[in-house]
Structures are given as structure tokens and as C-alpha cells.
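As C-alpha cells, the structure follows; a few thoughts come after it.
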Amino acid sequence: MANYICYLKSDLYKLCHSCFFLLHAIFAVCGAAMMLLYAGVSQSDDINKLAAYFQIMAVAFPFAIGIVCYVAAEQEAKAGHFQNILTLPYRQKAALSKLTILLVTGLLATVLSSVLFGALFPLVGGTTEIPSRFYTAIPLVLWSSNILLYGIHFVLAIRFGKNFGIGIGVFGSLLVALLQTGLGTGIWFVIPYGWGIRFSSYVLETTFGLMPPDRIGMDFGIIFCILSTCAIMGIVVLWFSRYSGNRSAD
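If you're matching positions, the sequence shown starts at -7 in the working numbering and goes up one per residue.
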């Protein structure tokens, strides 16, 4: 545990000298601002505006993950071509340290954006009372549904660099939008990019009592998401402990 805390402090110090934390703040503030602008001009009812906010958040998540994972990986690449971490005695703990920072900052940015949007929503004409679950449960579900993607994009950013990692993020965001439509029916629960938008929509429906939530595939999706996330994150840590430092050119 002492080694893990030391690695965590070191990573925090190094990332403070990059745009890592600033990017999270920009994503949170700009995301809330753009959706507030949409809410102000849209003729939809309040519930649809709130639903649209989380749908757009879910679509943007893979792209944002691709960028922040690249920034975290590039910081180590510039510091010495990953030699600073490859020579550490406990590389698994070093990997956990970086993943912890990625996940915690992602959660904080998601909650911040939700709070900003919800708090300012009345200023753009919103009249619906927003329950506390809008600021807690729904952001938590959206974030936790994307934990697996953090692990995957972290590996892609380290191994293949900027172009491939961010490119997969863009593709993932497009896939999220498709899986929300009828094209995702019957398959979304086995595709990680479909979890965030489907799970958050389900929680939103139950929060506002819009309709009897569609549980088709939901229970299986939750179980598959949990098991897959645990397995992939374990594989990521194991891969990191055996990584030799090779990296494809951007």
C-alpha cells in the first residue's frame, strides 16, 4: 500500500504539469454549457432535455476517454520513453495508480458537469424539479459503465499512440449513438460501448417514472458489464507488468 500511495503522489505531481486536469474541467464545463444552450432553444419538454443531456454525455464519453488516456500515456513517453515506470519494482501498482487517477478524475468531471447542468437548468426555462439522483446515481452509472473503456484506451494509448487511441475513441462515440437506436436491440448488452447510454437511460426512466423500464437484456447486461470490467482491468494490469516499452509510431 505504501508503494501504491507513493506512485499515486508521483503521478499526480507529473500530471499537474500537463493539461490532464484542465482537460477534464473543460470537458465538464463545455459539455454542460452546450447542453444548456440546447435546452434554452429547444421546444422539447424538460424530461426530454434532461434525457438528451445524458445521451450526449454517453456519446462523448469514449472520445473524451481516448483523449485523456493519450495525455496520461504521453506524459510518461515524454518523460523518458516509459523508462520511469518500466524500471519500477511494482509495476502492477504503478498501473493501478494511473488507472485510479484516470477513473477518479473522470467521475469528478461527470458529476461536476451534471451539477452545473442541473443547477443552471432553471435559468434556461426548466421548471421540472430535479431529484438528487440526477446528480448522483445517473452520473455514477454512466461513469461506472465506462470503466472497462478506460482500461482498453489506456493500453491503446501506451502501445499505439495518439492517432490510433483517439481514432478508436471517435469510432466508439459513433458506435454509442448507433447502439441507442433499434440497431442496438438484442446486442447492446455484449458491446461495452452500449452500456453507458442504455444503463443511464434506464436509471433516468426509473428516476422520473416515465414508463415501465424496458428490462430486456438489462439484467444480463449488468452482470456481463461487471464481469467483463473486472476481467479486462485485471488483464490490463497484467499486460502493464509485462510491457517492454515498445510503441508504434503515430
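Backbone N, C-alpha and C define an ideal beta-carbon position, used for all residues, glycine too. Every value quoted in this text rests on a predicted model; they were computed, and no experiment measured them.
If you draw a 10 Å sphere on the C-beta of Asn138, you find 16 or more other C-beta atoms in it, and that means buried. Taking a C-beta distance under 9 Å as the contact criterion, Gly186 and Val168 qualify as a contact pair. For Met27, the uninterrupted alpha helix (DSSP H) run begins and ends at 12 to 33, by DSSP. Annotated three-state conformation of His145 is helix, per DSSP.
Only exposed fits Phe212, as fewer than 16 other CB atoms lie within 10 angstroms of its CB. In this structure, DSSP gives Asn40 a helical state, which the three-state scheme calls helix. The criterion of a C-beta distance shorter than 9 Å is not satisfied by Lys41 and Gly110.
With respect to the C-alpha of Pro54, the residue from Ser220, Leu175, Phe216, Trp135 having the closest C-alpha is Trp135.
Note on geometry: alpha-carbon atoms of Leu15 and Val60 lie some 7 Å from one another. Looking at the backbone, the Cα of Cys8 and that of Ala50 are separated by about 27 Å.
Contact holds between the stretch 91 to 103 and the stretch 142 to 160, because three or more Cβ pairs, one in each stretch, are under 8 Å apart. Three or more beta-carbon pairs drawn from the stretch 125 to 133 and the stretch 194 to 201 are found closer than 8 Å, and the two stretches are therefore classed as touching. The Cβ atoms of Ser105 and Gly188 lie no closer than 9 Å to each other.
Thr102 carries a helical assignment under DSSP once its states are collapsed to helix, strand and coil. The beta carbon of Gln172 sits closer than 6 Å to those of Ile189, all from its chain and outside the five residues before and after it, given in chain order. One Cα belongs to Gly226, the other to Phe216, and the distance between them is close to 15 Å. Between Ala56 and Phe12, the C-beta spacing is not below 9 Å.
Scanning its chain for C-beta atoms nearer than 7 Å, with the 5 sequence neighbours on each side dropped, one finds around Val182 the residues Phe216, in chain order.
Going by beta carbons, Gly58 and Val162 fall inside the 9 Å limit.
With respect to the 9 Å criterion, Leu94 and Phe146 are classified as neighbours on the basis of their beta carbons. Sequence-distant Cβ neighbours of Leu170 in its own chain, meaning closer than 7 Å and more than five residues away, are Gly176. For Ser2, the enclosing alpha helix (DSSP H) starts and ends at -6 to 7. Residue environment: Lys1 is assigned as exposed (fewer than 16 neighbouring CB atoms within 10 Å of its CB, all protein chains considered). Leu28 sits close to Phe113, with the two beta carbons spaced by under 9 Å.
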